[in-house]
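Have a look at the structure below before the remarks.
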Amino acid sequence: MDYDFKAKLAAERERVEDLFEYEGCKVGRGTYGHVYKARRKDGKDEKEYALKQIEGTGISMSACREIALLRELKHPNVIALQKVFLSHSDRKVWLLFDYAEHDLWHIIKYHRASKANKKPMQLPRSMVKSLLYQILDGIHYLHANWVLHRDLVTSPKYSHRT
């Protein structure tokens, strides 16, 4: 490949560190790496994102399949993958998701803590119905598209909308 072409391509490539601010905003750890809460540096929108850094150098075939699948999934109860960034200098892969402020784990934890403090606060029946509907609707969409979710968990902030 021509050196000038490579240099031009590298100059035009969007870099996650130029577009998003995420330092010190670690919100969790996923299957393949760390997850950060991020905002656009240019201030075009005030939206918050979940920025997932794939650990290691390069990317495994299973991660590649997951990314390809995530790019195709579009449903209100499945967190959307917005963009994939490839950093050729340090061979890192970044995934940009919509950010969900609350997750099921924190809702359950909050209500358990209130029970332990002798101030039981029951989860309203309407909230239970809404959460259950959203989870089942998302799972139904995945299954209808021949996607099996390997490990449904309550904690990733980028995988549940409440």
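Each residue of the sequence shown is one higher than the last, beginning at 184 in our numbering. By construction, the Cβ of each residue, glycine as well, lies at the ideal position given by its N, Cα and C atoms.
Is the beta carbon of residue j closer than 8 Å to that of residue i?
{"i": "Leu287", "j": "Leu314", "result": "yes"}
{"i": "Ser236", "j": "Lys292", "result": "The sequence as given places Gln at residue 236; Ser does not occur at that position. Contact: no."}
{"i": "Asp281", "j": "Gln305", "result": "no"}
{"i": "Val261", "j": "Tyr316", "result": "no"}
{"i": "Ile322", "j": "His332", "result": "yes"}
{"i": "Ala251", "j": "Lys257", "result": "no"}
Taking residue i as the reference, which of the options has the closest Cα?
{"i": "Asp200", "options": "Gly213, Arg223, Tyr215", "result": "Before going further, note that residue 200 is Glu rather than Asp in the sequence given. It is Arg223."}
{"i": "Arg198", "options": "Trp277, Met244, Met310", "result": "Trp277"}
{"i": "Gly213", "options": "Ala233, Asp225, Tyr205", "result": "Ala233"}
{"i": "Val311", "options": "Glu229, Ile290, Lys227", "result": "Ile290"}
{"i": "Glu249", "options": "Glu206, Ala296, His323, Tyr215", "result": "Tyr215"}
{"i": "Lys230", "options": "Asn328, His258, Trp329, Tyr205", "result": "Tyr205"}
Spatial neighbours of residue i within its chain, please: CB distance less than 6 Å, with the 5 preceding and 5 following residues excluded, ordered by chain position.
{"i": "Cys208", "result": "Tyr219, Lys220"}
Considering just the uninterrupted stretch of the beta strand (DSSP E) at residue i, what are its terminal residues?
{"i": "His217", "result": "216 to 223"}
{"i": "Val330", "result": "Run containing Val330: none; DSSP gives neither H nor E here."}
{"i": "Asp281", "result": "275 to 281"}
Taking the alpha helix (DSSP H) that residue i falls in, what are its first and last residues?
{"i": "Leu234", "result": "From DSSP, Leu234 is part of no alpha helix (DSSP H) but of the beta strand (DSSP E) over 232 to 237."}
{"i": "Asp228", "result": "Counting along the chain, Asp228 falls outside any alpha helix (DSSP H), and DSSP gives it neither H nor E."}
{"i": "Arg254", "result": "244 to 255"}
{"i": "Val199", "result": "199 to 202"}
For residue i, I'd like the list of residues in its chain whose CB is within less than 7 Å of its CB, leaving aside the five on either flank, ordered along the chain.
{"i": "Glu238", "result": "Tyr215, Gly216"}
Cutting at 8 Å between CB atoms, please list the residues of its own chain near residue i, excluding the five before and the five after it.
{"i": "His294", "result": "Met304, Gln305, Leu306"}
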